[in-house]
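These notes concern the structure reproduced below.
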Amino acid sequence: MIEVEELEKTYSAGSVATPVLKGLSFRINKGEYVAIMGASGTGKSTLMNILGCLDKPTGGSYRLDGSDVGSLDDDALSRLRNAKIGFVFQQFHLLERATAMSNVTLPLIYADEYPEDAEKMAEQALAAVGLTERRQYRPNELSGGQQQRVAIARALITDPEIILADEPTGALDRESGLEVMVIFKQLNRQGHTIILVTHDRAVAEHAQRIIVLEDGKIAEDGVVEKQRDPVLELDTIGTGEDEK
Amino acid sequence: MRMFRIAGQGIQALGTNRTRTFFMMAGTIVGIAALTVIMALGKGTEKQVMKRVEGFGPRSLMLIAGGGKDLPPPDFSVTTLTLADADAVHSQIQNIEATSPVAFKRMPIKAGTAQTQATVFAVEPGWFAAWDWFVTDGDPIEAEDVATLARVCVIGQTLSHDLFGNASPVGETIQIQNVRFRIKGVLERRGTSPIGTDFDNRALIPLTTGMRRLFNQEHITYIRIKVKDLDHVESVKQQVRQLMHERHHITPPQEDDFRIVSAKAVGDLARGTSGTLSAILIALAGLSLVVGGVVLMNILLISVGERQKEIGLRRAVGATRRDILFQFLTESLTVTLSGMVIGSGLGVVITLTLQQATKVPVVLSWEPFALSLTFALLVGTFFGVQPARKAASLKPVEALT
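Protein chains in written order, with our numbering: chain Y, 3 to 246; chain W, 9 to 409.
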């Protein structure tokens with residue numbers, strides 16, 4: 003589904019060209035749960051932006067579902083993001099003055115057709131992240147973990163091909179973070195493709211596969227031997243065994 | 009429709025941040041309200057002017073005894089204007105439809121025991137056509153009456169009412185300063201002049217009767233001239249002046265012993281400085297709209313900065329540049345159009361209050377609304393475009409971080 007070949011991204015300011023991605027190649031299939039890992043400055047944000055169709059490569063190719071992203075114009079990229087990608091950001095990026103419901107339906111505003119049962123879809127998405135009761139709450143009435151779950155529901159509403167999560171637990175405490183990871187795991191089980199971008203190996207180990215970036219290149223691409231189970235870890239917190 | 013949904017996002021954004029929206033709107037509200045009030049006042053003045061011009065007769069000129077530049081009343085001490093002048097004007101100048109020489113005085117009038125004062129006009133039969141003012145009951149003053157110095161009169165409705173109540177006065181006799189006159193007819197009602205003179209408190213008598221039997225004078229007070237069509241009014245005025253200079257042996261800069269008043273002069277006098285004043289006020293209202301527009305633009309620009317993340321997020325979930333542009337333009341246009349509606353409403357309220365409180369003439373019409381709508385659209389677009397473009401040009405990647 004995702005085919006990346008010799009992908010390059012070079013930022014140029016005046017005569018100075020800074021190569022950030024220096025020829026990456028990998029494939030991600032439908033239904034995979036992949037973590038992209040790397041320290042800051044290794045190009046993982048840049049890669050995420052390209053995979054999310056927010057930015058275009060300067061070399062090589064990125065094919066998403068067969069279409070060559072590098073050759074698309076700005077409008078086509080917007081449409082592609084709307085139809086195929088669900089974003090989850092570290093800082094949630096919810097509309098402050100809108101209710102959870104309104105936040106969740108936001109991507110539908112920009113779809114070609116606004117579904118008649120949008121409200122029902124939003125309710126289902128909120129139910130999937132366990133926030134049925136909080137539909138009419140505004141972000142400032144929700145905890146960080148709840149806000150991130152609203153953001154996940156928003157990513158789910160268009161039933162995207164890929165859910166792209168950028169440090170989704172970065173702004174959360176451990177318990178809320180694990181709750182979020184539980185949701186990702188469930189979504190993956192239901193068949194969603196999830197790409198998790200993180201600097202933290204502990205977070206990355208929730209995925210089935212880890213691609214490690216170093217200096218704009220792939221340093222490691224392999225299956226996670228011992229995938230972490232967030233449900234189990236949450237139980238541990240609950241019983242206090244984990245406390246030190 | 010996708011466009012409607014995006015417009016809805018803009019309107020929602022305004023609704024959720026009411027303070028900001030109010031400040032964006034304030035300039036438009038003030039400007040439009042001011043515009044509405046000023047235009048209503050201007051139109052009110054103009055209507056009053058037109059009424060006076062109509063009352064005077066747009067095609068009419070008055071050749072009045074006595075110099076100077078003022079409107080009537082005439083100078084009763086000047087005795088140089090004569091019937092011969094009236095004949096000369098009538099026979100020597102082209103494009104005149106009617107002339108009517110008039111002598112008048114205010115006099116006591118009696119009928120039985122009833123007594124009053126009224127203005128007595130000594131007129132020729134042409135008077136009725138020259139003033140477009142006819143009898144409703146009985147007969148007008150006729151040529152024969154003038155020829156025979158008949159003691160007959162036509163009276164106005166106020167005079168009739170004062171002397172005879174609601175009964176028909178035709179055939180009755182009245183005494184004007186001890187001279188008995190038979191009433192031939194009653195004039196149509198004309199109402200009062202803008203300065204409060206009652207037009208209907210009058211009596212018309214034959215010119216000759218008036219000059220010889222009542223006023224005992226050889227001169228007349230004024231000559232009313234009705235020009236055939238509007239285009240000739242100015243040229244007739246010039247010709248009359250020239251003729252009068254010849255006849256009265258006046259060579260400028262010697263001062264005239266007559267003056268010629270036209271409907272235009274009446275209008276200009278009534279209008280006074282109000283035209284200039286309202287032009288200045290309209291300019292001020294326009295200025296306040298521009299200032300309001302600049303404020304709107306600045307708040308929008310600040311808001312684009314503040315809402316960078318929101319814009320980035322919208323872009324990430326599928327908004328195109330055009331969608332963002334459209335949303336922000338919707339916001340600015342909604343602000344100016346709502347401002348226009350509120351401002352117009354406020355303007356109407358102020359106008360009506362002003363009318364109630366001060367009795368100044370006002371006319372509410374569609375024009376200020378059309379003008380306000382145009383202004384609102386222009387200001388909203390012109391001052392909204394730059395912030396909207398700034399918002400649309402944000403790169404999603406940069407806006408999100």
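We put the CB at the ideal spot given by N, CA and C, even for glycine.
In the DSSP annotation of this structure, Y:T44 is not part of any alpha helix (DSSP H), being labelled neither H nor E. Counted as a single uninterrupted DSSP element, the beta strand (DSSP E) harbouring W:G146 occupies residues 143-146.
As for any beta strand (DSSP E) of minimum length 3 sitting wholly inside the segment 260-284 of chain W, the runs are 266-270, ordered along the chain. In the structure shown, Y:G62 falls within a strand segment according to DSSP collapsed to helix, strand and coil.
Y:V225 counts as exposed, since fewer than 16 other beta carbons sit within 10 angstroms of its beta carbon. Residues of chain W whose Cβ lies closer than 8 Å to the Cβ of Y:S73 do not exist, since the nearest Cβ in that chain is about 17 Å away. Bounds of any beta strand (DSSP E) do not take in Y:S145, whose DSSP letter is neither H nor E.
For Y:D168, the enclosing beta strand (DSSP E) has its first and last residue at 164-168. What Y:R230 touches in chain W, judged by beta-carbon distance under 8 Å, is nothing: the nearest beta carbon there is about 28 Å away. Taking a 10 Å sphere around the C-beta of Y:I239, we find fewer than 16 other C-beta atoms and assign the residue as exposed. In the DSSP assignment, the residues bridged to Y:F28 are Y:V6.
Short of 6 Å from the beta carbon of W:G39, and not among the five residues preceding or following it, lie these beta carbons of its own chain, in chain order: A293, S296, L297, G300.
Listed along chain Y, no residue sits closer than 9 Å to W:E339 by beta-carbon distance, the nearest being about 14 Å off. Of the candidates Y:I213, Y:Q149, Y:D231, Y:L110, the residue whose Cα lies closest to the Cα of Y:R191 is Y:D231.
Contacts with chain Y at 8 Å (Cβ-Cβ) include W:R13. Contact between Y:I111 and W:R13 holds, with the beta-carbon distance rounding to 5 Å and staying under 8 Å. Interface annotation, Y:R99: in contact with chain W, CB-CB separation under 8 Å. In the DSSP assignment, W:T205 forms no beta bridge with any residue. Cβ contact annotation for Y:L23 (same chain, cutoff 7 Å, sequence separation greater than five): L9, E10, K11, G45, T48, L49, G218, in chain order. The segment 247-256 of chain W makes no contact with the segment 48-61 of chain W: fewer than 3 CB pairs, one atom from each, lie closer than 8 Å. W:H257 has its alpha-carbon roughly 37 Å from the corresponding atom of W:V187. Judged by DSSP secondary structure, W:I228 falls outside any beta strand (DSSP E); it is assigned neither H nor E. Under the 8 Å criterion on CB atoms, Y:Y64 is classed as non-interfacial with respect to chain W.
Residue pairing by DSSP puts Y:F89 in a beta bridge opposite Y:L166. With a beta-carbon spacing of about 37 Å, W:T328 and Y:D175 fall beyond the 8 Å limit used to define contacts. For the segment 301-317 of chain W, the set of residues with a beta-carbon nearer than 7 Å to any beta-carbon of chain Y comprises K317, in chain order. Scanning chain Y for C-beta atoms nearer than 8 Å to the C-beta of W:Q17 yields I111, reported in chain order. Between W:M47 and W:L372, the alpha-carbon positions lie close to 8 Å from each other. The shortest C-alpha to C-alpha distance from Y:I52 to any of Y:E227, Y:Q210, Y:V199, Y:A204 is the one to Y:V199. Counting only runs that start and end inside the segment 95-130 of chain W, there is no alpha helix (DSSP H) element of at least 4 residues. Remark: fewer than three beta-carbon pairs, one from each stretch, lie closer than 8 Å, so the segment 352-359 of chain W and the segment 263-270 of chain W are not flagged as touching. DSSP places Y:K11 in the strand class (E or B) of the three-state scheme. With respect to W:N209, W:T144 sits apart: the two C-beta atoms are not nearer than 8 Å.
When W:T229, W:A365, W:A41 are compared, the shortest CA-CA separation from W:F112 is found for W:T229. Within chain W, the C-beta atoms nearer than 7 Å to that of Y:N51 come from V405, in chain order. For Y:Y35, the CB contacts under 6 Å within the same chain, skipping 5 residues up- and downstream, are N190, I196, A209, Q210 in chain order.
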